[in-house]
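Peer 1: Sharing a structure below in structure tokens format, with a few things to ask.
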Amino acid sequence: MKKKNKDKRLIKNKRVLSGKKSSRKKKYSLASFLTARSKAACGLTTRPRELVTNIDVADVDNELEVVEYVEEIYKFYRITENEYRVIDYMSLQQHINEKMRMILIDWLVEVHNKFELLPETLYLTIDLVDRYLSTKVVSRKELQ
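With numbering that gives the first Met the number 0, the residue at position 131 of the sequence shown is 130, and numbering never jumps.
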């Protein structure tokens with residue numbers, strides 16, 4: 000019974016507040032929550048802070064979640080994000096284009112879903128692919 004109440008509380012807390020109510024439940028991805036939270040933490044949003052969904056409210060009592068440091072973590076990520084961004088490497092590539100990269104990433108997502116891996120595994124994989132492509136010229140055959 001406790002789990003059901005906690006789940007309902009999570010769903011209720013994840014809804015973004017708006018002026019009008021809808022009978023249809025809105026679905027939000029984890030990425031959109033994290034992006035909104037990150038922008039709010041860095042002061043990059045025009046929405047008032049109280050309207051940004053607090054996805055950590057259910058974890059306040061869990062010491063392992065370190066909720067009190069979340070704001071600083073997002074600020075750090077936002078600052079360091081630009082320092083380690085991969086350069087625009089497609090102009091360096093002679094044999095492949097954006098569409099080919101897109102097909103590769105789509106395939107990686109399918110593999111990721113098939114093996115039920117953690118999201119971080121997919122993010123790291125894509126980052127490694129982009130970093131490699133930014134340093135080496137790859138032929139079409141190698142990309143496949």
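Beta carbons: idealized from backbone N, C-alpha and C, even for Gly.
Could you tell me whether the region 50-63 touches the region 96-105, using the rule of 3 or more Cβ pairs below 8 Å?
Peer 2: Verdict: no, contact absent.
Peer 1: From leucine 63 to glutamate 71, what does the alpha carbon distance come to, in whole angstroms?
Peer 2: For leucine 63 and glutamate 71, the distance between alpha carbons rounds to 16 Å.
Peer 1: Reducing DSSP to helix, strand and coil, say where glutamate 141 ends up.
Peer 2: Helix at glutamate 141.
Peer 1: Our contact map puts leucine 121 next to leucine 107 with C-beta atoms below 8 Å; I'd like the distance itself, whole angstroms only.
Peer 2: Rounded, the Cβ-Cβ distance is 7 Å, consistent with contact.
Peer 1: List, from N- to C-terminal side, the alpha helix (DSSP H) runs of 4 residues or more that fit wholly inside the region 87-128.
Peer 2: Taking only runs of at least 4 residues, the alpha helix (DSSP H) segments lying wholly in the region 87-128 are 97-113.
Peer 1: According to DSSP, simplified to helix, strand and coil, what is asparagine 81?
Peer 2: Of the three classes helix, strand and coil, the one that applies to asparagine 81 here is helix, per DSSP.
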